[in-house]
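Quick notes on the structure that follows.
Residue numbers (our numbering): -8 to 105.
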């Protein structure tokens, strides 16, 4: 992302870099989610699935709130608000990616027979 911004440090360039990073994180999140799901025994898979469904609802609600509070009437406006929204949305996905990755690579999971 930093390299993309270096090449185009306009608001549009920074937004595009953030959107690209978000898409990349989402791909990794799905990859690690599937790997973690594969490692769990059948009776425990539903817990992960439910947690992920709940996280998606949370993420969607947070993104909605994020967009709301960035409106001119609340934020003072400006094109910088688009970057704030995109960055916060990226943080949501990055945080979940790190959580799933940590579960996947925890000592328990790496020693597991599953």
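We put the CB at the ideal spot given by N, CA and C, even for glycine.
Can you find the residues in the same chain that come closer than 6 Å, C-beta to C-beta, to residue 79, ignoring five residues on each side of it along the sequence? Within the chain shown, residue 79 is the residue found at index 88, counting from 1. Excluding sequence neighbours, residue 79 sits near 57.
Is residue 91 closer than 9 Å to residue 31 when the C-beta atoms are compared? In the chain shown, the residue the question calls residue 31 occupies position 40. In the chain shown, the residue the question calls residue 91 occupies position 100. The answer is no: Cβ separation not under 9 Å.
Buried versus exposed, by CB contacts within 10 Å (16 or more), residue 42: Taking the first residue of the chain shown as position 1, residue 42 is located at position 51. Result: exposed.
Once DSSP output is grouped into helix, strand and coil, what is the label at residue 31? Position 40 of the chain shown holds residue 31. The answer is coil: DSSP assigns residue 31 none of H, G, I, E or B.
Whole-Å CB distance - residue 95 paired with residue 26, under 8 Å assumed: Taking the chain shown and counting its residues from 1, one reaches residue 95 at position 104. Taking the chain shown and counting its residues from 1, one reaches residue 26 at position 35. About 6 Å; that satisfies the 8 Å criterion.
Round the Cβ separation of residue 88 and residue 16 to the nearest angstrom and send it over; I've been treating them as touching at under 8 Å. Translated into positions along the chain shown, residue 88 becomes position 97. Translated into positions along the chain shown, residue 16 becomes position 25. Contact holds; Cβ gap of about 5 Å.
Write down every uninterrupted run of the alpha helix (DSSP H) in the stretch 26 to 94 whose length is 4 residues or greater and which is fully enclosed by it, in chain order. 33 to 60 and 63 to 66
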